[in-house]
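Reading through the structure tokens given below for one structure.
Residue numbers (my numbering): 46 to 272.
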């Protein structure tokens, strides 16, 4: 009798574990699908906003009058908001127009829209160069930054600081190459130009900022071999 109760309890435990796993697996499938649907919806909406902005902008340009735009946008947005909701307020319509102006190539917008939200794109409007927009877009994608984190990176001028660091690294590399080409330096080190082929080749092909190559160590080895 005790053995039977033991077996019954074991079966119930196994069933409970099985049910928990089944629930976890199904929940995972649902959450995964919800994320995919949300991403697809976000992409579709962002592309729609670009298309709306482009269409309105084209219409204003065809009329070649800024005053026409000032008159048409409040009227158009009021009708759209009444019919389609808060996404089409006058403020957001103006953002859509600006969106199409700042990102004129839909071929760039489409892939970005799969990984960035409309709110991310709005943060890019304050940036003055395409390089800055591309930098922060890639930064947000690579690091999965939310809008708040992206805004903080822009405020901290991450693009400008990175650009300055890259310029300084390039200047250091050029200075090092020119130094090794100086015959006075070669004479002081007791080396002929033949001994520096490896050094110059390395300097021409690596980034000193990102490479672990130790040129000073190689130079000492060359000197040792020469001696």
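Backbone N, C-alpha and C fix where the C-beta goes; we use that ideal spot for every residue, glycine too.
As the structure is a computational prediction, the values presented were derived from the model and not from experiment.
With distances taken from CA atoms, which of the options is nearest residue i?
i, options, result
"residue 159", "185, 134, 112, 131", "185"
"residue 105", "196, 143, 172", "143"
"residue 100", "149, 89, 56, 85", "149"
"residue 151", "123, 129, 88, 119", "88"
"residue 85", "122, 157, 128, 198", "157"
"residue 204", "55, 183, 60, 177", "177"
Determine whether the beta carbon atoms of residue i and residue j lie at a separation below 8 Å.
i, j, result
"residue 140", "residue 167", "yes"
"residue 102", "residue 146", "yes"
"residue 120", "residue 126", "no"
"residue 192", "residue 164", "yes"
"residue 75", "residue 155", "no"
"residue 198", "residue 190", "yes"
What residue does the alpha helix (DSSP H) around residue i start on, and which one ends it?
i, result
"residue 159", "Where residue 159 is concerned, there is no enclosing alpha helix (DSSP H), given that its DSSP letter is neither H nor E."
"residue 164", "163–169"
"residue 141", "135–147"
"residue 173", "From DSSP, residue 173 is part of no alpha helix (DSSP H); its letter is neither H nor E."
"residue 193", "192–200"
At least one CB of chain C closer than 8 Å to the CB of residue i: is that the case?
i, result
"residue 184", "The displayed structure is made up of one protein chain only, and chain C is not part of it."
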